[in-house]
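Heads up: the sequence shown begins at 51 in our numbering, then just goes up one per residue.
We treat Cβ as the ideally placed atom computed from N, Cα and C, and that holds for glycine.
Quantities reported herein were computed from a predicted structural model and do not represent experimental measurements.
The next block holds one structure in the form of structure tokens; read it before the comments.
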Amino acid sequence: MCVSCLSNAIEYEPVNCRSEQTGTKNFYEGEASCVGEYAYSTCPYGIGSCHVVDDNFVTIRKYIPLQTSNSAQLQELVEQWVTGVTGARLRETHLVSCTAHNVPFSHSEAVYETVCDYKPSVEIWHSAIAGSANKHVYIVARDKDGSIGSQELWVNGVKQSGSSTELVGQDGDSFVVMAKVRDNDGYSSSSTSRNIILRWNGYPCKGKCPDPF
């Protein structure tokens with residue numbers, strides 16, 4: 051019977067962790083300005099003469115404290131005298147806003163992060179061979195930050211010629227299987243020794259299954 055073919059998320063062992071500069075960050079501070087637009091309504095001749103006066107512009111200037119963007123949203127209260135519906139002079143207040151893209155550059159700072167190399171992961175997987183107790187065993191190796199350079203498969207203390215082999219025997223026979231891999235950075239990992247017991251399998255096993263024993 052085939053065991054579950056789902057594998058847990060791979061965990062890679064970090065090695066040679068160090069702090070490295072991965073970039074720079076710019077900072078901005080100082081006076082910025084932009085032009086805001088607003089509209090107001092006025093009734094210069096009383097009821098029936100009301101209309102909207104738009105395209106009124108005001109330049110807003112603000113001091114921007116230290117930040118990491120050269121843009122800032124500026125706001126300012128603007129007072130406007132208008133003629134009301136009764137003809138009386140009224141004072142309105144408008145909140146005008148605009149975006150300034152000219153915050154002065156202040157300085158740059160280096161950005162440091164912890165960077166690690168990673169050892170490769172290694173597992174021994176198997177699949178049953180229909181109509182016998184034999185099993186096909188093979189290495190599944192992965193490298194997070196490079197590639198696998200070499201793979202070694204050992205059965206009962208004997209190094210195999212490749213990264214996979216067939217265990218041939220009778221129902222109940224057992225084999226001790228171990229694997230070792232090395233990545234392109236020279237880091238190596240070894241699997242836990244597996245005691246694989248052959249069981250008669252009259253039906254094909256679909257998929258690639260990890261060793262359950």
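Counted within 10 angstroms of its Cβ, other Cβ atoms place residue i as buried (16 or more) or exposed
i: residue 150; result: buried
i: residue 189; result: buried
i: residue 185; result: buried
i: residue 297; result: The chain is shown only over 51 to 263; residue 297 falls outside these bounds and no answer can be derived.
i: residue 240; result: exposed
Straight-line Cα distance separating residue j from residue i
i: residue 104; j: residue 134; result: 17 Å
i: residue 66; j: residue 193; result: 15 Å
i: residue 170; j: residue 210; result: 20 Å
i: residue 218; j: residue 235; result: 35 Å
i: residue 80; j: residue 153; result: 6 Å
i: residue 132; j: residue 111; result: 25 Å
i: residue 63; j: residue 72; result: 22 Å
i: residue 74; j: residue 166; result: 20 Å
Bridge partner(s) assigned by DSSP for residue i
i: residue 183; result: Paired residue(s): none; residue 183 is not in a bridge.
i: residue 100; result: According to DSSP, which records beta bridges pairwise, residue 100 is partnered with nothing at all.
Extent of the continuous beta strand (DSSP E) run through residue i
i: residue 248; result: Premise fails: residue 248 is in no beta strand (DSSP E) and is neither H nor E.
i: residue 86; result: 64-92
i: residue 230; result: 224-233
i: residue 164; result: 155-168
i: residue 150; result: 139-150
i: residue 198; result: 198-205
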